[in-house]
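Residue numbers (this note's numbering), protein chains in the order written: chain V, 174 to 614; chain C, 63 to 512.
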């Protein structure tokens, strides 16, 4: 357990890892609770309240997440911004990445939202139950061909990914190609219907499509069905270690030491519950003393909005998410997003455009600049706009250098002397938000 | 309704910008994606110092500097990697109509109506690949009818990783092109390894030198609301200074480093910012990012930008567990037409001799179709080498369905992807394959280039 001081910087880091960053005053309030109180408040958040104005698109219309293209992303972003249950919401994002389902293969925003609600309701609960519910979730049944897997014509897709990505991991000797084929047989029986204009509907289990014969999975034989397939995975001796390491990795960028890993596994094995594992993770010194993590793009944006008390007032966020490498409901593949590689020259530009989108409606008008100002003053104002984020000395110096250089260009021309400070302040707001300091936490 | 889902190749075309992410490294046992982890840190640490020394060069702007270093490298060969994501079906691309077992294994999915493959009378080209058949007739396509490796892995992520790192090693962190660039590239030129997919392709992951990812060369502009004129110029120049901050923290350093690469790249690509800066010499297929990116690439090659290795993903979703017939044809059509246009564009611009394109996929698919009108994961797949200087003769042969399937019912490999890489390094890039491909000596060196 972390025994160091739990002050605003620690509370802020906790809010970034276990949520979407602090709103003004939030880190201070959390720090007052102390580590134990802070972690408990995140793990037991009570009923959700959505704080702040309702979201809308660029034309001021209410979002239509089940229907309008891109509104699904904006709807969820809004929830991240306004929720009073940041950890539950962050875990919803974790499950979306863990059981990564893309609407590109599902073709129904409505079904994706149903799955999203499933992730949210299991956010901090039983992983076993989550796996069972995901296995019969319509979006997942479509995405990994669960409804095309029948007695007469097995389809291995879900069986393989369930073991490789969801519960056991590849290259660990946990399962064989034969297990994949046998698990596919156990999972047979899910069906649905399709109608023009309605799409896929009536997802149900059809006993006559199920292969009721004996299967041999992990060297055990039985007339296994789909629930057995799930339980075989979570009771596999190599499941707990897979689960805790993967979950840990969402919060802390360096692997747990052996003692910690043993504690995590023991906590998990007691009931396959998520909350006790998270409790260890969130109280671990590595979270507070260890290296920083790159914020996922959607966390970066949600955090900036929370920081200035702004809401979702644009439907551009979906394509901006896409440019930044994270469009919600469209993970790149069934393994989810690659948290090790959020930033490159292309996705950096996506984040830059995200900041543009926040600043566009808040830009200062240079024509209204009235007085000259020095670099330090302008930088102070720009930082105040973002609610005074902590910057490294080097970044602070680089920003100051830019402000000096740009203001010096004004020379002795009066209009430049009054307008350039405003241009520079706008530019500083942009640069601050894309600095390494604000892209990581 | 047909569906093809399961994995990385299940995105609509409009959502292509998220392409190119490798596998997550957190899952225990999964291969760590090339470009992550420790060597990434080493890369950041090392290039920080190197890049700083570059900034001290003086009055010469970085763009001019890029061009200057291009002057030495501009006539050098360029290797392009095109990835068919999801495991494209070998038995459809060049389908064995002459094999008596074909229709038995593929009662619903057997392809028909394609033109003959001149090198093997058992095989025919998928009708959608007729543009490649035409280039093959001109001697500009080398076919790999059954390329893979021993003990094939049927996981998308693992098999793709093997191809990306150029070894059957789950732990290797650098891409095979990345290791070539580390050895042959320079510390100041991100364009030497270019992902044209909107994010970094693991094949290009380096340990030392910088590489870049962009959506397209004409889409790399930066501006900010309420900022213009001289102040804007200074702001853009300041992006790189956010990156010179330096820190012992790996994530912070990565963010700094990317900011610096953004700065260099923005200057290198500045000439492509205007409208009509990319004027293709030929018609490319419309409405898809792959042909648009190839058109941009042809313009960059012809402008003499210092490119060495480029990675893209082809149009389409190849993980055809269901509804294969209706999904495969349009994907292959756009892919083949785009590659054809790219070749013709390069020819018209007079730079076709400098570009060689490798088309690959992580595995082929199961010989016997499944019950969903699709096919499950298989082993050996089809590859192509395209360019004016390829040998034009197939490497490895189609093994036949009677004796050419392994115990899982998957096509056996008759050519190893590492021997293809080794030959490309030596014959095309003029570089010692031993320095890039682990155990390169063990692999044959088929003649790929003339």
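Idealized CB from N, CA, C, for every residue including glycine.
Item                                                                                                                                                                                        : Value
Looking at residue 437(V): is its Cβ nearer than 7 Å to the Cβ of residue 417(V)?                                                                                                           : yes
Of the choices 351(V), 259(V), 326(V) and 535(V), whose alpha-carbon is the least far from that of residue 336(V)?                                                                          : 351(V)
Using C-beta distances below 8 Å, list every residue in its chain close to residue 299(V), excluding the 5 sequence neighbours before and after it, in chain order.                         : 444, 445, 446 and 447
Is it right to say residue 614(V) is buried, meaning 16 or more other beta carbons lie within 10 angstroms of its own, or is it exposed?                                                    : buried
Going by beta-carbon coordinates alone, are residue 188(C) and residue 176(C) separated by less than 7 Å?                                                                                   : yes
Judging by CA-CA distance, which residue of 427(V), 530(V) and 421(V) is the nearest neighbour of residue 449(V)?                                                                           : 421(V)
Given that residue 438(C) touches chain V, what residues does it touch there, using C-beta distances under 8 Å?                                                                             : 328, 329 and 330
Measure the alpha-carbon distance for residue 184(V) versus residue 537(V) and round it to whole angstroms.                                                                                 : 32 Å
When we look at the beta-carbon of residue 213(C) and count the other beta-carbons within 10 Å, is it buried (16 or more) or exposed?                                                       : exposed
Given that a residue counts as buried once 16 or more other Cβ atoms are within 10 Å of its Cβ, and exposed if not, what is residue 355(C)?                                                 : buried
Check whether chain C comes within 7 Å of residue 615(V), counting only Cβ atoms and requiring the distance to be less than that.                                                           : Given that chain V is displayed from residue 174 to residue 614, the structure contains no residue 615(V) and the question cannot be resolved.
Quick one: using the 10 Å Cβ neighbour count with 16 as the cut-off for buried, is residue 510(V) buried or exposed?                                                                        : buried
Excluding the 5 residues flanking residue 331(V) on each side, which residues of the same chain have their C-beta closer than 7 Å to its C-beta?                                            : 317, 318, 319, 322 and 360
Do residue 282(V) and residue 239(V) come within 7 Å of each other at the CB atom, strictly closer than that value?                                                                         : yes
Kindly list the residues whose CB is nearer than 6 Å to the CB of residue 236(V), restricted to its own chain and excluding five residues on each side of it in sequence; keep chain order. : 228, 244, 247 and 248
From the DSSP output, which residues share a beta bridge with residue 373(V)?                                                                                                               : 367(V)
Please tell me whether residue 297(C) has its Cβ less than 7 Å away from any Cβ of chain V.                                                                                                 : yes
Around the Cβ of residue 370(V), are there at least 16 other Cβ atoms within 10 angstroms (buried) or fewer (exposed)?                                                                      : exposed
What does residue 439(C) pair with, by DSSP beta-bridge criteria?                                                                                                                           : 427(C)
Can you grab the Cα-Cα spacing for the pair residue 160(C) / residue 185(C), in whole Å?                                                                                                    : 7 Å
Between which two residues does the beta strand (DSSP E) carrying residue 140(C) extend?                                                                                                    : 140-146
Rank 174(V), 175(V) and 211(V) by C-alpha distance to the C-alpha of residue 192(V) and give the top, closest one.                                                                          : 211(V)
Any idea which residues DSSP pairs residue 371(C) with across the strands?                                                                                                                  : 141(C) and 255(C)
Below 8 Å on C-beta distance, what does residue 336(V) contact in chain C?                                                                                                                  : Going along chain C, no residue has its Cβ under 8 Å from residue 336(V), so there is no contact; the nearest lies around 10 Å.
For residue 240(C) and residue 324(C), what's the separation of their Cα atoms in angstroms?                                                                                                : 19 Å
Do the stretch 259-269 of chain C and the stretch 284-293 of chain C meet, that is, are 3 or more Cβ pairs less than 8 Å apart?                                                             : no
Tell me residue 598(V)'s beta-bridge partners as DSSP assigns them.                                                                                                                         : Its beta-bridge partners do not exist; DSSP assigns none.
Any beta carbon from chain V within less than 7 Å of residue 112(C)'s own beta carbon?                                                                                                      : Because the pLDDT at residue 112(C) is just 23, under 50, the model does not fix this residue reliably, and the value given afterwards should be weighed accordingly. Taking Cβ atoms only, chain V never reaches closer than 7 Å to residue 112(C), which makes this a no.
Let me confirm a value: residue 543(V) is counted as buried when at least 16 other C-beta atoms fall within 10 Å, else exposed. Which label applies?                                        : exposed
In the structure shown, what three-state DSSP assignment does residue 217(V) receive?                                                                                                       : coil
If you reduce the DSSP assignment to three classes, tell me which class residue 605(V) lands in.                                                                                            : helix
Compare the C-beta of residue 289(V) with all C-beta atoms of chain C and state if any pair is closer than 7 Å.                                                                             : no
Could you spell out where the alpha helix (DSSP H) holding residue 240(C) opens and where it closes?                                                                                        : 238-246
Starting from residue 206(C), follow the alpha helix (DSSP H) in both directions and report where the run begins and ends.                                                                  : From DSSP, residue 206(C) is part of no alpha helix (DSSP H) but of the beta strand (DSSP E) over 203-210.
Please state whether DSSP places residue 340(V) in a helix, a strand or coil.                                                                                                               : helix
Could you check the C-alpha separation between residue 113(C) and residue 250(C) for me, to the nearest Å?                                                                                  : Residue confidence is low: residue 113(C) scores 23 on pLDDT, short of 50, so the model does not pin down where it sits. Its coordinate-derived value is still stated next. For residue 113(C) and residue 250(C), the distance between alpha carbons rounds to 6 Å.
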